[in-house]
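Which chain is which? The protein sequence lines are E and A, in order.
Just so you know, we're using our numbering here: the first sequence kicks off at 1 and counts up by one.
Just so you know, we're using our numbering here: the second sequence kicks off at 426 and counts up by one.
All C-beta atoms in this analysis are idealised placements derived from N, C-alpha and C, irrespective of residue type, glycine included.
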Amino acid sequence: MLDAIKTYLGAGVTPGEAGSQFWATIYILAITLGVSLAVIAMNWLERKILAHMQIRLGPMRVGPHGLLQPFADALKLLIKEDIIPANADKLVFWSAPVVVTMTAFTTFLVVPFGRTHAVTDMNIGVLFMLGISSLGVLGIIMAGWSSNSHYPLMGSLRSSAQMVSYEVAMGLAIVCAVLMTSLNTSGTGTLSMIGIVEAQQAQGVWFIFKFFPLGLIAFVVFAIAMVAETNRAPFDLPEAESELVAGFHTEYSGFRWSLFFLAEYSAMLAVSSIAVTLWLGGWLRPFPNWLSGPAWDLAFSLVPGLSFLVMAAGCFLGTIRMPRLLRAQGIGLAVFGALLALVGLPMLLPGVRERVQDIFWFVAKVAFFMYLYIWYRGTFPRYRFDQLMKVGWKVLLPIGLGVLILTAVVGMRQELLAAVVGGAR
Amino acid sequence: MSLSPILRKVFLVDLVKGLSVTFHNQSEKERITEQYPLERPVVCERYRGQPRLNVDPDTGESLCIVCNLCALACPEQLIVVKGERNPVTKRKQVVSWTYDISRCMFCGLCEEACSTDALELTQDFEMALYSRDGMVLDQAALEQGQQPVRYAK
Numbered sequence: 001m002l003d004a005i006k007t008y009l010g011a012g013v014t015p016g017e018a019g020s021q022f023w024a025t026i027y028i029l030a031i032t033l034g035v036s037l038a039v040i041a042m043n044w045l046e047r048k049i050l051a052h053m054q055i056r057l058g059p060m061r062v063g064p065h066g067l068l069q070p071f072a073d074a075l076k077l078l079i080k081e082d083i084i085p086a087n088a089d090k091l092v093f094w095s096a097p098v099v100v101t102m103t104a105f106t107t108f109l110v111v112p113f114g115r116t117h118a119v120t121d122m123n124i125g126v127l128f129m130l131g132i133s134s135l136g137v138l139g140i141i142m143a144g145w146s147s148n149s150h151y152p153l154m155g156s157l158r159s160s161a162q163m164v165s166y167e168v169a170m171g172l173a174i175v176c177a178v179l180m181t182s183l184n185t186s187g188t189g190t191l192s193m194i195g196i197v198e199a200q201q202a203q204g205v206w207f208i209f210k211f212f213p214l215g216l217i218a219f220v221v222f223a224i225a226m227v228a229e230t231n232r233a234p235f236d237l238p239e240a241e242s243e244l245v246a247g248f249h250t251e252y253s254g255f256r257w258s259l260f261f262l263a264e265y266s267a268m269l270a271v272s273s274i275a276v277t278l279w280l281g282g283w284l285r286p287f288p289n290w291l292s293g294p295a296w297d298l299a300f301s302l303v304p305g306l307s308f309l310v311m312a313a314g315c316f317l318g319t320i321r322m323p324r325l326l327r328a329q330g331i332g333l334a335v336f337g338a339l340l341a342l343v344g345l346p347m348l349l350p351g352v353r354e355r356v357q358d359i360f361w362f363v364a365k366v367a368f369f370m371y372l373y374i375w376y377r378g379t380f381p382r383y384r385f386d387q388l389m390k391v392g393w394k395v396l397l398p399i400g401l402g403v404l405i406l407t408a409v410v411g412m413r414q415e416l417l418a419a420v421v422g423g424a425r
Numbered sequence: 426m427s428l429s430p431i432l433r434k435v436f437l438v439d440l441v442k443g444l445s446v447t448f449h450n451q452s453e454k455e456r457i458t459e460q461y462p463l464e465r466p467v468v469c470e471r472y473r474g475q476p477r478l479n480v481d482p483d484t485g486e487s488l489c490i491v492c493n494l495c496a497l498a499c500p501e502q503l504i505v506v507k508g509e510r511n512p513v514t515k516r517k518q519v520v521s522w523t524y525d526i527s528r529c530m531f532c533g534l535c536e537e538a539c540s541t542d543a544l545e546l547t548q549d550f551e552m553a554l555y556s557r558d559g560m561v562l563d564q565a566a567l568e569q570g571q572q573p574v575r576y577a578k
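What follows is the structure, encoded as structure tokens:
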């Protein structure tokens with residue numbers, strides 16, 4: 001048993017490549033757990049960061065600095081009455097949150113958290129992710145339709161219109177990145193998520209910096225379209241509180257509502273990981289060219305463990321600064337810090353840090369996108385629906401098309417130059 | 426800004442400006458929330474809250490001379506002062522003093538009218554009660570003033 005684990009871990013392949021259903025199950029369970037934990041963390045972080053941006057404190061009372069607030073909320077949602085409206089289409093109403101959650105979690109099948117840390121290396125990975133994540137809109141329309149109420153229907157119709165118009169710009173931006181993967185000796189690109197990151201490694205540049213500023217523009221188009229795609233502020237028209245109560249999930253309560261919440265946040269994580277994979281070099285560490293060499297490799301491989309230790313130190317500092325009256329909360333914070341340190345310390349070990357560092361860099365980049373989501377929400381007012389359509393069709397679509405053509409031209413020019421000069425690259 | 430409007434749009438200048446504002450708001454110095462039961466707010470000096478009858482700190486005697494000016498000044502007529510002359514000292518002494526805070530609008534006219542600074546509206550503000558029973562304050566309650574509960578949890 002132990003030998004089997006060792007040989008598998010030593011082989012350096014994904015479960016899909018190894019053809020091992022056992023390891024695939026393990027990976028799927030780990031990813032489901034990880035994503036759920038990330039959603040819980042996101043719940044707390046969003047409330048805290050949003051509060052700080054609005055000069056408030058955010059949750060402070062449940063646990064030290066409100067750390068247990070997400071768990072309290074989850075408990076509240078679980079024991080809440082589960083209402084199905086009298087005239088609702090019960091079967092569709094029941095299945096809508098299931099569809100939304102399942103699509104949101106299925107996308108993580110192809111997300112490469114590292115060279116070996118993906119469930120499988122699908123050769124149509126990007127296409128698969130896009131297809132599955134746009135299937136989520138079906139669940140939203142099902143929810144809006146089956147509620148048999150005006151606001152949810154309006155919300156879901158808005159959502160579908162928004163998804164359809166931004167899918168186009170998003171697709172064009174993605175084609176740009178896929179086009180860049182074909183700039184190699186064989187001239188064939190790839191749609192595999194792992195393949196795209198390996199292409200960036202081979203070309204020695206993240207695609208955001210490729211053909212500056214073309215890669216950057218394609219990335220910005222994607223970054224805007226991705227916010228609209230996940231129905232987040234400033235494009236949160238489907239769930240605009242001031243207009244539609246809560247949009248498509250107005251009639252949902254309790255556990256069903258929390259499934260929508262889970263799906264929304266995991267969809268955010270999923271599209272962020274597409275962006276990270278396509279433009280920000282996936283699991284590759286930053287500054288691969290500028291700070292190269294074994295010394296820097298070692299330094300960067302220590303970063304994951306050290307960052308956990310820094311977070312633990314922050315917790316201990318918070319314990320010291322906690323008012324004397326709140327001793328129990330101070331102790332709680334210290335325990336949390338100790339847990340973080342316990343997670344961080346093994347990451348410094350030589351065997352572990354090689355395997356963990358690619359996951360860490362991937363998660364750190366996704367976390368940056370998550371922060372951006374919160375930051376946008378704290379800053380920008382909501383777009384009007386016609387403005388939203390204008391941005392989608394009149395701005396992002398032409399820019400996406402232009403960048404796609406320019407990328408093709410610039411890429412081909414290099415090939416032509418190489419042919420004229422007489423030497424293959 | 427000297428940038429032309431089109432350049433501002435292309436480089437999303439206004440959006441970045443807004444983002445920088447919210448980013449800087451995250452600093453701990455900017456935060457204005459006070460955690461009320463834990464840290465007590467600083468109340469303005471001229472805030473008119475819970476009434477108090479002052480006593481002479483040296484002798485412990487009430488400063489009230491039962492002149493009835495506060496009761497006359499009160500627009501709600503919620504102050505009722507009864508006193509009788511002390512045959513020994515020849516001064517009027519309080520027999521009963523009631524102040525009905527359930528009807529009080531904290532105008533402060535009684536405080537203005539008081540000739541000996543006996544009646545004072547203090548800065549204490551925690552006056553919520555579960556029933557109306559405790560709202561008519563007698564002399565003892567007024568002299569004691571408010572005893573805020575220390576929050577410790």
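Just checking my contact of residue i with residue j at CB under 8 Å: how many whole Å lie between their CB atoms?
i, j, result
"Y472(A)", "Q548(A)", "5 Å"
"S159(E)", "P238(E)", "4 Å"
"G392(E)", "A169(E)", "6 Å"
"M53(E)", "A118(E)", "At roughly 34 Å, the Cβ-Cβ gap does not stay under 8 Å, so M53(E) and A118(E) are not in contact."
"A496(A)", "V505(A)", "6 Å"
"V221(E)", "I399(E)", "6 Å"
"L404(E)", "V197(E)", "That belief does not hold up - the Cβ atoms of L404(E) and V197(E) are roughly 21 Å apart, past 8 Å."
"I376(E)", "V276(E)", "The residue you asked about is not Ile; residue 376(E) is Tyr in the sequence shown. About 17 Å; that fails the 8 Å criterion."
"E81(E)", "G254(E)", "6 Å"
Given that a residue counts as buried once 16 or more other Cβ atoms are within 10 Å of its Cβ, and exposed if not, what is residue i?
i, result
"Y555(A)", "exposed"
"F368(E)", "exposed"
"Y373(E)", "buried"
"C469(A)", "exposed"
"Q329(E)", "buried"
"G378(E)", "buried"
"T7(E)", "exposed"
"S445(A)", "exposed"
"F287(E)", "exposed"
"K394(E)", "exposed"
"K607(A)", "Past the boundaries of the shown model lies residue 607(A); chain A is included only from 426 to 578, so the question cannot be answered."
"H449(A)", "exposed"
"G125(E)", "buried"
"G187(E)", "exposed"
"E568(A)", "buried"
"T103(E)", "buried"
"Y524(A)", "buried"
"K365(E)", "buried"
"D358(E)", "buried"
"D236(E)", "buried"
"S521(A)", "exposed"
On the three-state DSSP scale, how would you describe residue i?
i, result
"W522(A)", "strand"
"V111(E)", "coil"
"R471(A)", "coil"
"R47(E)", "helix"
"D439(A)", "helix"
"L75(E)", "helix"
"K517(A)", "strand"
"E509(A)", "strand"
"P238(E)", "helix"
"V428(E)", "Any question about residue 428(E) goes unanswered here, given that chain E covers just 1 to 425."
"S487(A)", "strand"
"P476(A)", "strand"
"I504(A)", "strand"
"D481(A)", "coil"
"S527(A)", "coil"
"N123(E)", "coil"
"A86(E)", "coil"
"K6(E)", "helix"
Is residue i near the ligand MN - that is, is its Cβ less than 7 Å away from at least one heavy atom of it?
i, result
"F550(A)", "Absent from the structure shown: the ligand MN. Ligands present: none."
So which residues of chain B does residue i contact, with C-beta pairs closer than 8 Å?
i, result
"R158(E)", "In the displayed structure, chain B is absent; the protein chains listed are E and A."
Entirely enclosed alpha helix (DSSP H) segments - the stretch 347-392 of chain E, minimum 4 residues: 350-379 and 385-390
Using 8 Å as the threshold, is the stretch 302-309 of chain E in touch with the stretch 33-48 of chain E, meaning 3 or more CB pairs across them? The stretch 302-309 of chain E and the stretch 33-48 of chain E do not touch, with fewer than 3 CB-CB distances between them shorter than 8 Å.
Should the stretch 21-32 of chain E be regarded as contacting the stretch 107-123 of chain E, the criterion being three or more beta carbon pairs within less than 8 Å? yes
Alpha helix (DSSP H) segments (min. 4 residues) lying fully within the stretch 289-327 of chain E: 294-321
Taking 8 Å as the threshold, find out whether the stretch 252-267 of chain E comes into contact with the stretch 195-215 of chain E through three or more Cβ pairs. By the criterion of at least three beta-carbon pairs nearer than 8 Å, the stretch 252-267 of chain E is not in contact with the stretch 195-215 of chain E.
Just list the alpha helix (DSSP H) runs in the stretch 545-572 of chain A, keeping only unbroken ones of 4 residues or longer that don't cross its boundaries, in chain order. 564-569
Segment contact flag, the stretch 73-89 of chain E with the stretch 340-349 of chain E, C-beta cutoff 8 Å, min 3 pairs: no
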